[in-house]
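All residue numbers for the sequence shown refer to our numbering, where the first residue is 18 and numbers rise by one. We treat Cβ as the ideally placed atom computed from N, Cα and C, and that holds for glycine.
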Amino acid sequence: MRIFSGIQPTGALHIGNYFGAIQRWVELQKGNECIYCIVDYHALTNEDTVPAELRTARRELALGLLACGIDPERSVLYVQSAVPEHTELCWILGCVASYGDLTRMTQFKQKSADQEFINSSLFYYPVLQAADILLYKADHVPVGEDQVQHLEEARRIARRFNFRFGETFPEPEPILGEGARIMSLADPERKMSKSAGPDHYIGLMEPEGSIRKKVRSAVTDVGLTPGQGMSPGVANLFSLLELVAPADVVETFRHQHRAGKLLYKDLKENLFTHLMAALRPIRERRQELEEAGRGDEILAAGAERARAIARDTMREVRARVGLD
Ligand code: TYM
């Protein structure tokens, strides 16, 4: 399989990114051809993105991904804007993408709802995302659940292109893992994300004391008595525990919950301990990578490999649509 996925350099990597996508990126490196992209063009759609911070954020994210286990010997890791073919293909795909489909994108509706000024790239975002994937003719895309609708759109765009210009692109399928939908600990009705503010996510490299505080103050039951079903907050804590703790530990707590004997304090303390154990190797590796200082070199080599594939696809696309 050829795997492609992307992540925005918009601040610290959080455990939603890790358990929702990056962990799968790492596993898929075995036996597949993987291309992983730091999507800085996408980050520009965010009005808060500041030029000097974007530069640091790309580098920081590259080191974070390497620390998580992305292996530059096996996978291509690069920054989107180093391969301008992404935007060239985006324009061409825009000519087969449906305006009506784009108006139905949930992420656009959510992101534009609380903004006075809405830049047009925010609306066009899914077309660039389709270009990212199709440029490499990737057939599988590991993502969290929030990206599934964008992938459906990428499939529709591939289908329309193939119909109008002849069979060119495979229709990419999402790969979803167990952690595909991690919710905010402070507001378990919304997904964990950076945009809601620091209380709403746990950063992979965050100081231990701060992680402990966030886990301890996680929202549990609002208007529910223990033993009566499971509130979104408790369900989210169990989902996280399942990702980091052995099955027997999870089962013990589930049993206590069913019996109405669960103490949230114990559940949180255990979650914290197992979460830190899962994150520790990543945090240590991140420190070593800082000292080795190879980030820029790895990204430059990655961009070169990505561009070779991108150029071939664009040669074919230009010929198909009649530009060459
Ligand atoms: P981004 O940068 O918001 O997130 C990167 C990856 O992390 C996943 N994720 C989550 N998974 C589970 N629970 C959460 N709370 C959570 N928050 C984030 C996301 O689903 C994603 O897989 N548009 C994309 C970036 C992108 C892309 C692409 C992805 C651009 N081009 C091509 C795949 C293919 C985005 O903003 O992801």
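Asked	Found
DSSP state of Y95 mapped onto helix, strand, coil	strand
Near ligand 1: G161 beta-carbon under 7 Å from a heavy atom	yes
In chain order, each alpha helix (DSSP H) run of at least 4 residues that lies wholly inside the stretch 173-251	225-233
Check: K208 C-beta below 7 Å from any heavy atom of ligand 1	yes
Candidates H167, I150, V96, of which the one nearest T185 by Cα	I150
Integer Cβ distance of Y58 from Q97, believed to fall under 8 Å	5 Å
Straight-line Cα distance separating L71 from W42	23 Å
Bridge-paired residues (DSSP) for S22	Y53
Cut-off 7 Å between Cβ atoms - residues of its own chain near R177, not counting five sequence neighbours on either side	V113
Heavy atom of ligand 1 within 7 Å of R198 beta-carbon	yes
Top-ranked residue by Cα proximity to V160, from R271, H274, A197	A197
Cβ separation of E342 and A175, assumed to be a contact under 8 Å, to the nearest whole Å	Residue 342 lies beyond the range of the chain shown here (18 to 341); nothing can be said about it.
V266, DSSP secondary structure in three states	helix
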